[in-house]
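Structure, as structure tokens:
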Amino acid sequence: MDGSPSAPGGVSGPGRVAGPEEGISAEELALAARNHGLPLEALRYDVTPPGLHYVLVHYDIPATDPDGWRLTVGGRVLRPLALDLDALRARPSVTRRVTLECAGNGRARLTPRPVSQPWLVEAVGTADWTGVPLAALLAEAGTAEDAVEAVFTGADHGVERGVEQDYRRSLPLRVAADPARDVLVAYAMNGEPLPPQHGSPLRLVVPGWYGMAHVKWLHDITVTATPYTGFQQSVAYRIRTTAEGDEPGAPVTLIAPRALMIPPGFPDFMSRARVVRPGPVPLAGRAWSGHGPVTRVEIGESDGDGGTAWTDAVLDRDPAHPWAWSSWRASWTATPGHHRLTVRATDAEGHVQPLAAPWNRGGFANNLVQRVEVFCAPERPEGIQAPEGAEAPESP
Numbered sequence: 001m002d003g004s005p006s007a008p009g010g011v012s013g014p015g016r017v018a019g020p021e022e023g024i025s026a027e028e029l030a031l032a033a034r035n036h037g038l039p040l041e042a043l044r045y046d047v048t049p050p051g052l053h054y055v056l057v058h059y060d061i062p063a064t065d066p067d068g069w070r071l072t073v074g075g076r077v078l079r080p081l082a083l084d085l086d087a088l089r090a091r092p093s094v095t096r097r098v099t100l101e102c103a104g105n106g107r108a109r110l111t112p113r114p115v116s117q118p119w120l121v122e123a124v125g126t127a128d129w130t131g132v133p134l135a136a137l138l139a140e141a142g143t144a145e146d147a148v149e150a151v152f153t154g155a156d157h158g159v160e161r162g163v164e165q166d167y168r169r170s171l172p173l174r175v176a177a178d179p180a181r182d183v184l185v186a187y188a189m190n191g192e193p194l195p196p197q198h199g200s201p202l203r204l205v206v207p208g209w210y211g212m213a214h215v216k217w218l219h220d221i222t223v224t225a226t227p228y229t230g231f232q233q234s235v236a237y238r239i240r241t242t243a244e245g246d247e248p249g250a251p252v253t254l255i256a257p258r259a260l261m262i263p264p265g266f267p268d269f270m271s272r273a274r275v276v277r278p279g280p281v282p283l284a285g286r287a288w289s290g291h292g293p294v295t296r297v298e299i300g301e302s303d304g305d306g307g308t309a310w311t312d313a314v315l316d317r318d319p320a321h322p323w324a325w326s327s328w329r330a331s332w333t334a335t336p337g338h339h340r341l342t343v344r345a346t347d348a349e350g351h352v353q354p355l356a357a358p359w360n361r362g363g364f365a366n367n368l369v370q371r372v373e374v375f376c377a378p379e380r381p382e383g384i385q386a387p388e389g390a391e392a393p394e395s396p
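Sequential numbering from 1 applies to the sequence shown in full-length UniProt numbering.
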């Protein structure tokens with residue numbers, strides 16, 4: 001299904017790991033300028049406004065015409081389908097609140113650094129997605145007895161590590177065709193048509209899975225009798241623990257647990273270190289996992305001797321939205337001086353965020369705990385007034 005293994009003009013190089021003293025490259029900065037993360041203060045919103053939701057575009061945002069768009073469903077099916085947007089909207093729809101996280105979130109925090117989109121911790125967002133259940137479309141088409149996967153093709157086209165391709169990923173039918181998995185062919189985000197950067201006019205939404213599975217600008221679904229082995233499935237998005245070699249690696253699938261804190265107080269412009277005043281400081285944030293609900297969030301404060309004192313936060317889960325992040329809240333008493341706060345999540349399957357990041361060649365699924373540097377200033381400089389609301393984050 002993928003294109004030629006030879007890149008036009010030799011413009012595409014192999015994946016690599018940065019050298020010991022190598023800084024962020026111009027190419028990485030260009031990727032960071034195109035693809036943006038969630039400002040952490042926007043964790044206050046239950047549902048992320050589309051302009052604040054993280055964005056990753058592999059190639060170009062394609063020019064799409066909703067009026068002429070068609071979704072085809074073919075391959076190992078009994079009744080092939082070709083549906084325009086009106087036909088899709090005429091079918092029963094559902095809305096699901098889903099937290100999406102990029103598989104490369106945390107990549108730039110690894111040493112040595114895999115050279116790619118340099119995410120820190122902000123590649124996440126939560127939206128209300130509306131569309132047609134994929135399970136219903138597959139049932140309407142009727143899958144053949146030998147069918148094992150559904151392959152999804154987007155309209156974005158490019159070259160990556162020497163392979164010219166359309167962006168294409170697959171899901172096993174046990175996921176794609178299971179109504180309980182809530183996989184959607186979505187045409188709306190937060191009650192409005194999909195914005196261009198989020199896949200207009202159609203995209204896949206796969207609750208609980210990292211973002212690479214949520215194919216945007218979706219125009220074809222092909223059911224296959226053999227597992228798909230294209231670039232985005234068998235070359236990219238694999239956990240390889242060696243820096244070189246032909247290690248096949250394990251596939252990236254479900255989102256690992258993560259908790260993030262709304263940064264307290266107010267920031268320094270360059271370092272983003274936080275400034276607070278002495279006394280009780282409300283802390284708040286979000287936590288999520290693709291393996292199951294988050295069952296515990298802990299706040300840690302470094303004790304200066306290499307240890308960390310942990311306390312439990314109050315976790316507020318909403319059973320109406322099992323695929324979305326949960327809010328948490330706590331209180332911390334600030335004293336003058338420098339502090340480091342840490343937050344970590346544990347999910348129902350017993351997965352706990354690590355205090356040290358396991359390394360892998362692609363920089364995937366790095367759910368290392370978030371650490372927030374905070375300076376507690378003893379008093380406000382004379383003549384300087386803090387803006388309203390700057391002393392404490394709004395609880396989500």
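No residue lacks a Cβ here, since even glycine has one placed at the ideal position from N, Cα and C.
Query - Buried or exposed by the 16-neighbour rule on C-beta atoms within 10 Å, applied to R76 - result: buried
Query - Within 7 Å, strictly: CB atoms of A33 and R113 - result: no
**Report entry** Element boundaries [beta strand (DSSP E), containing E149]
**Finding:** 149-160
Query raised in the report: DSSP three-state call for L254: helix, strand or coil?
Result: strand
Query - Contact between the region 91-110 and the region 203-213 (3+ Cβ pairs under 8 Å) - result: yes
Query raised in the report: Counting pairs of Cβ atoms below 8 Å between the region 278-298 and the region 231-244, do you hit three or more?
Result: no
Report task. Evaluate T111 with the Cβ neighbour count: other Cβ atoms within 10 Å of its Cβ, from every protein chain shown; 16 or more gives buried, anything less gives exposed. Result -> exposed
Requested in this report: Have a look at N190 and G279 and give me their C-alpha separation to the nearest angstrom.
Outcome: 38 Å
Query raised in the report: Tell me which same chain residues have a C-beta within less than 7 Å of the C-beta of E349, skipping the five on either side of it?
Result: H291, G292
Query raised in the report: Taking C-beta to C-beta, are N366 and G106 nearer than 7 Å?
Result: yes
Query raised in the report: How long is the line joining the alpha carbons of A136 and V343, rounded to whole angstroms?
Result: 40 Å
Query raised in the report: Which of helix, strand or coil does DSSP assign to V231?
Result: The question names Val, yet the displayed sequence has Phe at residue 231. F231 falls in the helix class under three-state DSSP.
Query raised in the report: Who does M261 pair with in a DSSP beta bridge?
Result: G285
Query - For C376, the residue or residues it bridges with in DSSP - result: V276, G337
Query raised in the report: Around the Cβ of H53, are there at least 16 other Cβ atoms within 10 angstroms (buried) or fewer (exposed)?
Result: buried
Query - Same chain, Cβ closer than 8 Å to H219, five either side skipped, listed in chain order - result: W69, R70, L71, T72, T153, G154, A155, L202
Requested in this report: Find the nearest neighbour of A186 within the set V281, A127, V223, judged by alpha-carbon distance.
Outcome: A127
Report task. Please classify P362: does DSSP put it in a helix, a strand, or coil? Result -> Note on identity: in this sequence residue 362 is Gly, with Pro being the wrong assignment. If DSSP states are grouped into helix, strand and coil, G362 belongs with coil.
Query - Nonlocal neighbours in the same chain, by C-beta distance under 7 Å from A177, ignoring five residues either side - result: A135, L138, T143
Report task. Could you pull the start and end residues of the alpha helix (DSSP H) that D86 belongs to? Result -> 85-89
Report task. Return helix, strand or coil for E192, following the three-state DSSP convention. Result -> strand
Requested in this report: Determine, using beta-carbon pairs with one atom in the region 249-260 and one in the region 357-371, whether at least three such pairs fall under 8 Å.
Outcome: yes
Query raised in the report: Going by the CB atoms, is the gap between G285 and M261 shorter than 7 Å?
Result: yes
Query raised in the report: Under the rule that 16 or more other beta-carbon atoms within 10 Å means buried, what is R174, buried or exposed?
Result: exposed
Query - Endpoints, the beta strand (DSSP E) within which R168 is located - result: 163-172
Query raised in the report: So E301 is in the beta strand (DSSP E); what residue range does that whole segment cover?
Result: 294-302
**Report entry** Beta-carbon gap between T333 and C376 smaller than 7 Å
**Finding:** no
Report task. Assuming R161 and P396 form a contact by the criterion Cβ under 8 Å, report the distance between their Cβ atoms to the nearest whole angstrom. Result -> With a Cβ gap of about 39 Å, R161 and P396 do not count as contacting.
Query raised in the report: In terms of residues, what are the limits of the beta strand (DSSP E) holding A309?
Result: 308-312
Report task. State the beta-bridge partners of I101 as determined by DSSP. Result -> In the sequence as presented, Ile is not what sits at residue 101; that position holds Glu. DSSP lists V124 as partners of E101.
Query raised in the report: Which one of L341, R277, I61, L171 has the shortest CA to CA distance from N35?
Result: I61
Requested in this report: Could you tell me whether the Cβ of G199 comes closer than 7 Å to any Cβ of chain D?
Outcome: Checking the listed chains, one finds no chain D in this structure; it contains a single protein chain.
Query raised in the report: So what's V175 in DSSP terms, helix, strand or just coil?
Result: helix
Query raised in the report: How many whole angstroms separate the CB atoms of A147 and A225, which I take to be in contact at a CB cut-off of 8 Å?
Result: 6 Å
Query - Residues bridged to A345 (per DSSP) - result: V297
Query raised in the report: By how many angstroms is the C-alpha of R238 removed from the C-alpha of S93?
Result: 33 Å
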